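Student: Going by the working numbering, the first residue of the sequence shown is number 1, and it counts up by one from there. Below are the structure tokens for one structure; questions will follow.
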Amino acid sequence: MLRITAGLLCLIVIVICSVPVLAQRDVHVGTPRPASIAYPGVQPYVVETQSDVDNLPDDVTYVKLATLEMEPLEGLQRFKKLTTLMLGHRKGGELFTPDAFILLSKLTQLRSVCLGHAEDDPASYWTARLNDEFFGSPESFAFLEELSVDWGIYCDRDFFENVGQLPGLRALNIANIEEGIPEEDVALAFRSDSRLERVRVYSYNKRGTGGLLAEAIADLPYLTELTLDGYWREGTLKSVSNCPKLRALYLGYMNYEGNSTAGSLALSKLQFLQILYVTQGGLDNDALAVAAASMPALEELFLLKGDHGTKGQLKEKGLSALAASKSLRVFSVSNNKPLAEGSIGALARIESLESVVLRFMETTDNDLKELSRSKSISELVLIGAQTVSDVGLSYLSQMKSLRVLRHLRNEYVTAGDDGVCRVTDAGVAGLLESNQILETLYLLMVPTLTTKTFALMGSHPALQELGLEWCNLDAEGSKALQASKTIKRLTCTKPKNVEGFAKALAGIDSLDELRFRYVADDWPPLIELRKLRPKLDIKLLTLS
């Protein structure tokens, strides 16, 4: 019996520990949350001794128990708001003792449990096993809703069978499908009478996982969110296409042998799917786009990081098919091969489309001309658009719906600082004058901006977020921004002339958050700025 509970606990921990966490939002509004078990979004209180427990606040909700000593585990009983617990283990040690399980089962306020590592040494992986004995039954943990098992924990057949019997379990994350664990054993966790709603499975079995396991997952009657990573055999996506209520599907870094085109097209059967997120290659993005066009409920489509060659890339066929979509709001794509001239115009014909993210697509001025015909796109993110110029900005200035323009990076016609800018002060000024509803403007490497253009930013009636990295913002430009009553967030880099810079920035009264890149904490203007505006939220950004 004890073995059952141990298995349960392990799973919970994995859910919390190994679910991929997107610590920061992506550059667009439609970033999906990680497919998974709810993550607290805050750092846990780390507990090792009873003294640590005694010092915890009464309203603590999230604790990481680095060891499984009995005393601190027993001390957690008094925290009535504790809902999330991460349990570590020592190298080569057992995860739980019978007494530890008894204490754990008494923490009925818990909803999420994650079994993880107390140390990051890779040599410790696969050294922790479940106990051979078990006191209690799955009903002893009826309060558990989310379970995660880290990939350094070995789980046997009994563990998966017992997990499948947890009556209250709604979210399960299994990150340790190795060659030594038969998939038919893992499939026991996905019983047809299960009420699981969210599932994430990562397979490390390079021979491929699939078959029985994929079918067992597809049979879950209440499944709405699914994440598959790792190695999966032919037919996996066809099985997934049979999930009756699936709302979100995340396909991560995987090797989908035989699943590329036929499997991608099969996903068109997912008539309730709202989010499709594909990353790291292995699938046919063009076929996925065709399938997405047949999904009447799909709102967000992400086709990211395709294969390094031309295989799997989004092409004109997929884009043309997407033009028929009636529900798509967010579209994000990264390609290694440029699209044919004019094909991007298919996006402008999607009347429901609001957000477009083009990553390393070699976007051109003509592409922006095509997109400018859209009456619904309000957010446009251009990453790696090296040939966009003032001409492209003139097209965007005609868009009546555009509120967000991010990551517009200037490139020189010739290399070096003496080259001719493609995006200039004139192009930026024209955009600001034409678009009076623009709320976010993020520019990179436009060193020709004048005080007049900075003044246009300061007097703009809607501008709330401004990015000016390597855009020659200095004290004079900052003074021109002081007229603003709307700018709340400003991102910039260290100017060449710092005299009066801090005082000028401090004078932007509407500013709530200031983000610096390539600035040290002891930079004199930064110290001065903190004195002038002590309540201003100042963040120092890294290279990434």
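For glycine and all other residues, C-beta sits at the position ideal for the given N, C-alpha and C. Here the structure is a predicted model, which is why all the values come from computation and not from measurement.
#1: So who's on the other strand from N173, going by DSSP bridges?
#2: Which first and last residues belong to the alpha helix (DSSP H) in which Y277 is found?
#3: Just confirm the distance between the C-beta atoms of T486 and S510, as a whole number of angstroms; I'd bet it's less than 8 Å.
#4: Roughly how many whole angstroms lie between the Cα atoms of A429 and E379?
#5: Should L402 and A385 be called a contact, given that it needs their Cβ atoms to be closer than 8 Å?
#6: Classify K315 as buried or exposed, calling it buried when 16 or more other Cβ atoms lie within 10 Å of its own Cβ.
#7: Please classify T451: does DSSP put it in a helix, a strand, or coil?
#8: Residue ranges of each beta strand (DSSP E) run of no fewer than 3 residues wholly in the segment 434-495, ordered along the chain?
#9: Give the straight-line distance between the Cα atoms of L466 and A340, rounded to the nearest whole angstrom.
#10: Is it buried or exposed, I350, if we count other Cβ atoms within 10 angstroms and call 16 or more buried?
#11: Are the CB atoms of L213 and A187 nearer to each other than 8 Å?
#12: For R111, collect the residues of the same chain with a Cβ closer than 8 Å to its Cβ; drop the 5 residues on either side in sequence, then sort them by chain order.
#13: Taking only runs that begin and end inside the segment 54-80, name each unbroken alpha helix (DSSP H) of 4 or more residues, in chain order.
#14: Return helix, strand or coil for R157, following the three-state DSSP convention.
#15: Have a look at the DSSP bridge pairing and note the partners of M86.
#16: Rounded to the nearest angstrom, what separates I344 and D367 at their Cα positions?
#17: For the beta strand (DSSP E) holding G230, just list the boundary residues, first then last.
#18: Would you give the residue range spanned by the beta strand (DSSP E) that S332 belongs to?
#19: Determine the DSSP secondary structure at L511, reduced to helix, strand or coil.
#20: With DSSP collapsed to three states, give me the class of R359.
#21: Which first and last residues belong to the alpha helix (DSSP H) in which F501 is found?
#22: Rounded C-beta distance between M399 and I377? I'm assuming under 8 Å.
#23: Looking only at DSSP bridge pairs, what is Y45 linked to?
#24: Assign R403 to one of three DSSP states: helix, strand, or coil.
#25: Rank R515, Q109, A346 and L304 by C-alpha distance to the C-alpha of K80 and give the top, closest one.
#26: Are L270 and V278 closer than 8 Å when you measure CB to CB?
#27: Over what stretch of residues does the alpha helix (DSSP H) that includes V240 continue unbroken?
#28: Is DSSP giving E299 helix, strand or coil here?
#29: Would you call T363 buried or exposed, if buried means 16 or more other Cβ atoms sit within 10 Å of its Cβ?
#30: Taking all protein chains shown into account, decide if I527 is buried (16 or more other Cβ within 10 angstroms of its Cβ) or exposed.
#31: If you reduce the DSSP assignment to three classes, tell me which class R530 lands in.
#32: Measure the beta-carbon distance from L228 to L246 and round it to whole angstroms, keeping in mind my assumption that it falls under 8 Å.
#33: Measure from the C-beta of K337 to each C-beta in chain C and report whether the shortest distance is under 8 Å.
Tutor: Judging by the given coordinates:
#1: Bridge partners of N173 according to DSSP: S148 and R200.
#2: Where Y277 is concerned, there is no enclosing alpha helix (DSSP H), although the beta strand (DSSP E) it sits in stretches over I275 to V278.
#3: At roughly 6 Å, the Cβ-Cβ gap stays under 8 Å, so T486 and S510 are in contact.
#4: Rounded to the nearest angstrom, the two C-alpha atoms are 19 Å apart.
#5: No, the pair does not count as a contact, with Cβ atoms beyond the cut-off.
#6: Classification for K315: buried.
#7: Looking at T451 - three-state DSSP - the assignment turns out to be helix.
#8: The segment 434-495 contains these whole beta strand (DSSP E) runs: 440-444, 465-469 and 489-493.
#9: In a straight line, the C-alpha of L466 is about 33 Å away from that of A340.
#10: I350 counts as buried, since no fewer than 16 other beta carbons sit within 10 angstroms of its beta carbon.
#11: Yes, these two residues count as a Cβ contact at 8 Å.
#12: T83, T84, F143, L144, E145 and E146.
#13: Correct list: 70-75.
#14: Secondary structure of R157 (DSSP, three-state): helix.
#15: Residue pairing by DSSP places M86 opposite K64 and C114 in a beta bridge.
#16: When rounded, the distance between both Cα atoms is 6 Å.
#17: Judged by DSSP secondary structure, G230 falls within the beta strand (DSSP E) whose first and last residues are E225 to W232.
#18: V330 to S334 is the extent of the beta strand (DSSP E) around S332.
#19: When DSSP states are grouped into helix, strand and coil, L511 belongs to the coil group.
#20: Three-state DSSP puts R359 in a strand.
#21: Residues F501 to A506.
#22: 7 Å between Cβ atoms; contact.
#23: Residue pairing from DSSP places Y45 in a beta bridge opposite V63.
#24: Looking at R403 - three-state DSSP - the assignment turns out to be coil, as it is neither helix nor strand.
#25: Taking K80 as reference, the option from R515, Q109, A346 and L304 with the minimal CA-CA separation is Q109.
#26: For the 8 Å CB-CB criterion, L270 and V278 do not form a contact.
#27: Where V240 is concerned, the enclosing alpha helix (DSSP H) stretches over T236 to V240.
#28: Three-state DSSP puts E299 in coil, outside helix and strand.
#29: With 16 or more other Cβ atoms within 10 Å, it is buried.
#30: Exposed, because fewer than 16 other Cβ atoms sit within 10 Å of the Cβ of I527.
#31: R530: helix per DSSP, three-state reduction.
#32: With 8 Å as the limit, L228 and L246 do not qualify as a contact, their Cβ atoms being about 12 Å apart.
#33: Note that chain C does not occur in the displayed structure, where there is just one protein chain.
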